Amino acid sequence: MKTLRHCLLASLLLVPTAPSLAEEERPARTETVAPAPPVTEATVSLLEPAGDGCEWAQLEPLSQARRVIARLAVDCQGGGTALSRDGKRGAARFWRGGVSAPVVGKPTFPERFPLPTFRDRLFLVDFTTGGVEELPLPHLGELIEFGFDAGGRLLGLSLQRVTPAQARAGAVEVEGSRVLLDLGRPGQPLLAHAFVYEGGTWTRLDSKSTNEFSSTRVLVLRKELGERASLSLDPRFVPQEIEDDTLLDQLYALTPEQPEGEWAALRRGGYTLALWGTPFGDELLATGLLRRVEKGKAVPLPGHAYRENDLVSLQARGPLLLVSLADSGGHPRLYRGRKLVWSSESARAVTFWPR
1339 MKTLRHCLLA SLLLVPTAPS LAEEERPART ETVAPAPPVT EATVSLLEPA GDGCEWAQLE
1399 PLSQARRVIA RLAVDCQGGG TALSRDGKRG AARFWRGGVS APVVGKPTFP ERFPLPTFRD
1459 RLFLVDFTTG GVEELPLPHL GELIEFGFDA GGRLLGLSLQ RVTPAQARAG AVEVEGSRVL
1519 LDLGRPGQPL LAHAFVYEGG TWTRLDSKST NEFSSTRVLV LRKELGERAS LSLDPRFVPQ
1579 EIEDDTLLDQ LYALTPEQPE GEWAALRRGG YTLALWGTPF GDELLATGLL RRVEKGKAVP
1639 LPGHAYREND LVSLQARGPL LLVSLADSGG HPRLYRGRKL VWSSESARAV TFWPR
């Protein structure tokens, strides 16, 4: 089966592997940050356009209490975030891969294509002072995931394409180390690199052979990454079979002709969902065609506008379910039980705030 996710990843990896550095050093910018409101189970992190820039905010949707963490001089498109475990620092990344691609056809919420002038950028944010520092990007591959380890270090995981010559050789020389390629698995061969940012520079810690399906998951250091949007907004899930014939009859009436896929059960927090998933390796990608299962019935969620052409992320905390576009985290819908309690058409990279 084909998804635009494959094409998007392939196109991203065709960019040069030289570092994407700002043309001149940008000093850290500091401003006063309002006191943090109490974090509840509904509190979210989000990016939202503000004038010519982008605000990183902490929002309690039920009370509408909102705190601006940082103001970034960049368009919100392609934005993703990561938070340190102690809640004192965060990182925000803006790249052309942080958009939502449809499975096939027309998406429900089309996103504009990045302009030729779009430049990938990464910022380190101090939550206490509001200080913002723009960082260089790792010098090998394309930065795909980033986050903070338990010690507060900023880690970055990148993917680099393999040239035909390297594939024929079966190995790649990486800064004096020889990395053998595993060409026996299906999918485009890639290299995955792990970096740490210390002392004003990125240092490579590890490199592994991978492919478009395994991506950065082959890197041991990926397990050290903390809260981050790239994980929360990933549409991949392991399907569970639906065995209720009465429920299946209701779902088959909704089955689309396209895209290729299957109905599967997914449990998130206190929710049991039936959703149409499209194949991706050994997993499925969650699409917007979904129903809440309640007493054997397939019940639509109020205000849910996504369709089978859309890839979605499903986050849960206690009685809350947060649905948004995959990868971009845009057009979120927050549910408590049967009720839609909050939605936004402007917020991006929406994830639950760590507790």
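Take 1339 as the starting number for the sequence shown in our numbering and just add one per residue. All residues carry an ideal CB built from backbone N, CA and C; glycine is no exception. Fair warning: this is a prediction, and the values are worked out from it, not measured in the lab.
Rounded to the nearest angstrom, the Cβ distance from threonine 1610 to alanine 1603 is 7 Å, consistent with a contact under 8 Å. One thing to note: alanine 1591 has its Cβ no nearer than 8 Å to the Cβ of valine 1556. Classified as exposed, valine 1637 has fewer than 16 neighbouring CB atoms from the shown chains inside 10 Å of its CB. Sequence-distant Cβ neighbours of proline 1387 in its own chain, meaning closer than 7 Å and more than five residues away, are Cys1414, Ser1684.
Counting along the chain, proline 1527 sits inside the beta strand (DSSP E) bounded by residues 1527-1536. Closest by C-alpha distance to valine 1406, out of Arg1506, Leu1385, Asp1572, Phe1551, is Leu1385.
In the DSSP assignment, the residues bridged to valine 1517 are Val1510. In the three-state reduction of the DSSP assignment, valine 1463 falls in the strand class. Taking C-beta atoms under 8 Å as the contact rule, leucine 1492 and glycine 1479 fail to qualify, at a distance of about 17 Å.
Collapsing the DSSP output to three states places alanine 1567 in a helix. Secondary structure at valine 1442: coil, using DSSP grouped into helix, strand and coil. A contact is defined here as three or more CB-CB pairs under 8 Å, and the stretch 1617-1627 meets this definition with respect to the stretch 1566-1586. Closest in alpha carbon position to alanine 1505, among Val1512, Leu1528, Gly1514, is Leu1528.
Proline 1657 counts as exposed, since fewer than 16 other C-beta atoms from the protein chains shown sit within 10 angstroms of its C-beta. Nearest C-alpha to glycine 1525 among Val1510, Val1512, Arg1499, Gly1537: Arg1499.
Between the alpha carbons of aspartate 1424 and threonine 1378 lies a distance of about 17 Å. Per DSSP, the continuous alpha helix (DSSP H) segment holding aspartate 1583 begins and ends at 1583-1590. Leu1410 is the residue among Arg1655, Leu1410, Pro1399 whose C-alpha sits nearest the C-alpha of glycine 1389.
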